[in-house]
Structures are given as C-alpha cells and as structure tokens.
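Numbered per this note's numbering, the sequence shown spans residues 110 to 653. The beta-carbon is built from N, C-alpha and C at its ideal position, and this holds for glycine as well. This report refers to the structure that appears directly beneath it.
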Amino acid sequence: MIKHCLTVICSVAIAIAPALACTSLIATKGACTPGTGNLITYAADSHNLYGELYNQPAADHPKGAMRQVIDWDTHRLLGEIPEVPHTYATIGNMNEHGLTIGESTWGGKHELAGSGMIDYGSLIYITLQRARTAREAVKVMTDLVKEYGYASEGESFSIADPDEVWVMEMVGKGKDDKGAVWVARRVPDGYISGHANHARIHRFPLNDPETLYSPDVIDFARQKGYFNGADEDFDFSKAYAVTDFGALRGCDARVWSYFNKFTPDAAAYLPWINEAEGEPMPLWVKPDRLLSVDDLKWMMRDHFEDTPFDMTKDSGAGPFYTPYRYRPMGFEVDGAEYSHERAIATQQTGFSFVAQMRDNMPDALKGLLWFGTDDANTCVYLPIPCRTPSVPEQLGHGDINTLDWNANFWVNNYVANLAYPRYSRMIPDIRKVQSELEKGIAADVEALEKNPDMKDKTKAAQLSQQLADKWAAEATSRYKALGDFLFVKHLDGNIKEESADGKFLYTPEGLPVTPKFGGYDNPEYFRSIVRTSGDRLKVHNPKN
C-alpha cells in the first residue's frame, strides 16, 4: 500500500540521501476560478510503490467490533482499536463526502520517532472513514493519537473539504511517550499553500480559532531543549524539524516553485531557500491570478522550468534536456559534496492526484479525484467522482515486480521510461496524446456535472462508475499504443518519417522511408565531449 514518503536529510554531508518524498500543493476556492472549489494535490513518491487506487465501501459495524491497525510501511500489525458504528466509503484519499487528505513526511529529530499504535498512513485512512469535514478530521486525527499513540515521525497533512483547507503538522514524542505534539492552521480563503517534506508551520497565533494545537506543543519543546524563548516566539518547524540543505533545496524549493509560478514576489524567498537567511518562506501566499484544476495538474508536472533551479539547463540534463536525475541524488567531486535538484515531478511516483472539492455540486460530485499513476509529468489524470462504487480494473491492485499491460501504472511507466533517455525527442508526442485524452475527459466531466441524474443516488453511482471505467480503459489502451509508437519511431536512435495522420511513410515501391538521423539536441553535450576528449576527436587533414 502507500509507502513512507520521507526525505532522509543528511545534516553533515550536504546532500540528499536516496529518498522517498511527497509533495502536496493547496489552492483555496477563493484563489481559484469560479466554481472550481478547493484544490489539494498529492504525489505519493516511492521507489517501491505500485500505483493503484485504494477504496473501502461504507459499512455498519456491530457493538464491540474492532479494527486492526496495519502499519502502511511495513504491513506489521500494530494493534486493534474499537470500530465506530458506521464508516464512510473512501476512494483513494477522498471519502464519499469529498473530504480529502494528503501528506508529506519530514521526519524531524530522530529521537522523536513515535512509539504508539497509529502510524501516519492508518491515521489518514481511518480518519477518512470517520470524518465528514476537514475540521472534524483534525479532531479525529488528534484524538486518535492522543488515545492510542502515534507510531510515525514528523508529518505534514493537507486536509480539505468543499468549505475549508487545513495544514496540520505532527511529530511523535519519542520512545518514552507514545503521544504526539501538533499544530493545525486553516489556510485563509483566497490563498495558496503547500508542503514537501519539511515542516512549514513556523510561528503561529496562540489565540486564533483558525489555529489549533496540542496543549503541550511549546512546553514539550522546552522540556527537550529545542526552545527556550517566549511563547509568542515559538517556531514549530525550527523546534521539531531539521533545517539544512536537504530541507531547503530538496523540499521547501518545491513549494517555492509553486509560489513562484503564481506570485510576483517569490524571488524574495530565495535567500531562505538557498541559505536559510531572513524570515522563513510563508505558509501561504496570495496568487496574482485565479488558478484552475489544469493549473494544479501542470504544477504537479513541474521540474523548476524557467527558474534558477531549472533541471533542463545543467549538464546533468544530457543531450536531450532531460529534467530527471537518477538516485542517489548526492555525489562527490574532488572532495566537495553536491546534490541534484529534487523537483515536484519525479520518476519514482507511485500515484498522484489533484483533488477538487466543491460546495455547489450534488453530493456525488462534491469531491472529484483527478487520479494519475506513475510520473505526474507524463500521466493522464483520470476522473474519479467521490461516490464511485469501485475501482476501475486498470487502476486496481498489482505488483511492481510483475508487468501487466492492462494496468495503467505499467503502461504509464512504459511511456515514461522510453522518454527519459531521449526526453526532448519524445515528449512532444506524449503531450499530444496526453492532451487529447485530458480534453476528452474534461468534456465528459462537464457533461456529467450538467446531468440531472447526478442528483439521484443510485443513478449517480452508476454514472460515476461508467465515467471512471471508460477513461481508465481508454487511457490505458491509448498509452500502450503510444509506447509502441514511440518505440518504433525512435528505433536505434533514428526518427522515422510520418504522414500528417501519424502513420509511418513508405516509398512508392513499398519500402520504409529512410529515417532521419536526429543526433543530439543539446549543443552543450558536444562541448562536454570536447572538454573531456581534447583534440582526440577533432577533424584534421592528415599530413602527406
């Protein structure tokens, strides 16, 4: 199931260790185009996570029923807790009421790893089954860890419904105390926010109904020697997280890239991102224009393009401007330590989503999960209304060690992994198919939103299932064909000639037209060859 999304940050060596890392972006409805609602995103990034859509039907439970708590990282049984009389249906990280929860792990100080019963993954899915609203979810989550203890490390949660969006950060108290300390803040309407494996809540108001926190969040920090100032100066992130190069450039920089896309003042936060200088980057900012669902989808495909951290610009991009770097991210040259950039879009994503929550829709469409498997950059975001009864076949359970051509995860990997070595050559063809599919999906979703049958519970379930099934099958089929096309078109490093309708050309005699020899796209690649080979490859006329 969902894997531990943690960036392991080396505080001595300035590098990012082989990492599992997640990104969650937020746009409140007042920051979005009319009718869009609240938006949150999530990328479940892991090198060993099979991308699938989880679900749990609604259920009634007899008195005395117990629920097992299974650790999401290890699948170990952590214990049992009493079940509630009724649990809500969930589809992915959204429940039938449109409540959605995403996360990113920041670990924090190692001595604070929790020793309780409820790990972060169980906390999410138990809460989705028990809460209707974001504010209620904050209470359910904090009550659970208070009663049963917290079993994970430092975690940030995005918690959203059609009305409110909250960011909550939580960390355990260590082996001698099963509990947790936490703080939760409601993101003001009209603002955008995000977190990416570093604690983002710094100083916070102590008497504000839109800010909640555990009673001992400050006293515990004093007790552990993490803080010794006045209450009003308490900084949650600086007390409980570790602020080093990895936390800033590997984590906060992803949120900075989001802010930079939609605010004119993001450059002012670069001293914090680069050197932890000045005030920390704020938890939320006001965008200079209204955002759409598509804006958030494309933000999840970001590689720092057109910023100082643009991954297509250094020599690591190779001859085809590839915005990907394989792990480990850290490396050493002549005794100095370096690290590649870590962008929002990354090859090791299991699944990602853009969750849309609207209060102007029938119950069956209050929540709409735009769900994608594998790399967010190359995936197609599929529509999953919040009351879809079951998981489409192509999005169901699978195995990361077993290839399945009927699985959306595997065909998306097929296309993406073909493109990584020759990115600038293949991405135009991928974008064409990706765009065609997402335009078709958008049209179907718009039609469903106008369908009066969506107000009928039974018909809405049927229509939701039909929509989800149709596009999971269509996108999977089209991407398998796309992968085959890319493989043939770019066979042996050549580029086959095509007609206007995308068919490969033949001579009048029926032979394949000779392909183009594309060579390499990036002139810097040739300069690097000359720098390392000297005059060995230089063309010269031999002496007679």
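Work out the CA separation of residue j and residue i for me, nearest whole Å.
i, j, result
"residue 593", "residue 371", "37 Å"
"residue 570", "residue 437", "45 Å"
"residue 218", "residue 638", "44 Å"
"residue 487", "residue 336", "44 Å"
"residue 420", "residue 412", "6 Å"
"residue 138", "residue 302", "12 Å"
"residue 554", "residue 519", "25 Å"
"residue 119", "residue 451", "The predicted model places residue 119 with a pLDDT of 32, which falls under 50 and marks its position as unreliable; any figure quoted below should be read in that light. Near 15 Å, if we compare the C-alpha coordinates of residue 451 and residue 119."
"residue 257", "residue 284", "14 Å"
"residue 634", "residue 447", "21 Å"
"residue 453", "residue 586", "27 Å"
"residue 331", "residue 299", "35 Å"
"residue 675", "residue 350", "There is no way to answer for residue 675, as the model of the chain reaches only from 110 to 653."
"residue 474", "residue 559", "11 Å"
"residue 374", "residue 201", "35 Å"
"residue 621", "residue 600", "13 Å"
"residue 391", "residue 244", "22 Å"
"residue 190", "residue 233", "15 Å"
According to DSSP, is residue i helix, strand or coil?
i, result
"residue 594", "helix"
"residue 559", "coil"
"residue 625", "strand"
"residue 615", "strand"
"residue 636", "helix"
"residue 477", "strand"
"residue 339", "coil"
"residue 115", "Reliability of the predicted coordinates at residue 115 is poor, the pLDDT of 38 falling under 50, and no value is obtained from them."
"residue 464", "strand"
"residue 82", "Residue coverage of the chain in this structure runs from 110 to 653, which leaves residue 82 outside it and unanswerable."
"residue 136", "strand"
"residue 431", "coil"
"residue 402", "helix"
"residue 378", "helix"
"residue 576", "helix"
"residue 383", "helix"
"residue 553", "helix"
"residue 169", "strand"
Would residue i be called buried (16 or more neighbouring beta carbons within 10 Å of its own) or exposed?
i, result
"residue 206", "buried"
"residue 424", "exposed"
"residue 355", "buried"
"residue 614", "exposed"
"residue 652", "exposed"
"residue 575", "exposed"
"residue 196", "buried"
"residue 640", "exposed"
"residue 440", "exposed"
"residue 480", "buried"
"residue 159", "buried"
"residue 175", "exposed"
"residue 609", "exposed"
Taking the alpha carbon of residue i as the point to measure from, which residue in the options has its own alpha carbon closest?
i, options, result
"residue 321", "294, 648 and 178", "294"
"residue 577", "490, 382, 342 and 614", "490"
"residue 172", "285, 628, 376 and 192", "192"
"residue 588", "477, 546, 150 and 186", "546"
"residue 184", "540, 230, 238 and 209", "230"
"residue 580", "610, 646, 563 and 493", "493"
"residue 583", "517, 292, 328 and 154", "517"
"residue 224", "262, 503, 210 and 215", "262"
"residue 543", "556, 417 and 590", "590"
"residue 410", "166, 162, 529 and 484", "484"
"residue 241", "253, 296 and 203", "203"
"residue 539", "552, 598 and 253", "598"
"residue 276", "313, 471, 353 and 253", "313"
Determine whether the Cβ of residue i lies closer than 9 Å to any Cβ atom of chain D.
i, result
"residue 138", "Absent from the structure: chain D. Only one protein chain is present."
Worksheet item: In the stretch 179-267, which residue ranges form an unbroken beta strand (DSSP E) of at least 3 residues, counting only runs that do not cross its ends?
Response: The beta strand (DSSP E) runs lying completely inside the stretch 179-267 and spanning 3 residues or more are 186-191 and 209-216, given in chain order.
Discussion item. Runs of 3 residues minimum, wholly inside the stretch 485-550: which ones carry the beta strand (DSSP E) assignment?
Written reply: List check, beta strand (DSSP E) in window: 491-494.
Worksheet item: Fully enclosed by the stretch 262-312, which beta strand (DSSP E) runs are 3 residues long or longer?
Response: 263-269, 274-281, 289-295 and 301-304
Worksheet item: In chain order, which alpha helix (DSSP H) runs of at least 4 residues are fully inside the stretch 313-371?
Response: Those alpha helix (DSSP H) runs which fall completely within the stretch 313-371 and span 4+ residues are 326-333, 345-349 and 362-371.
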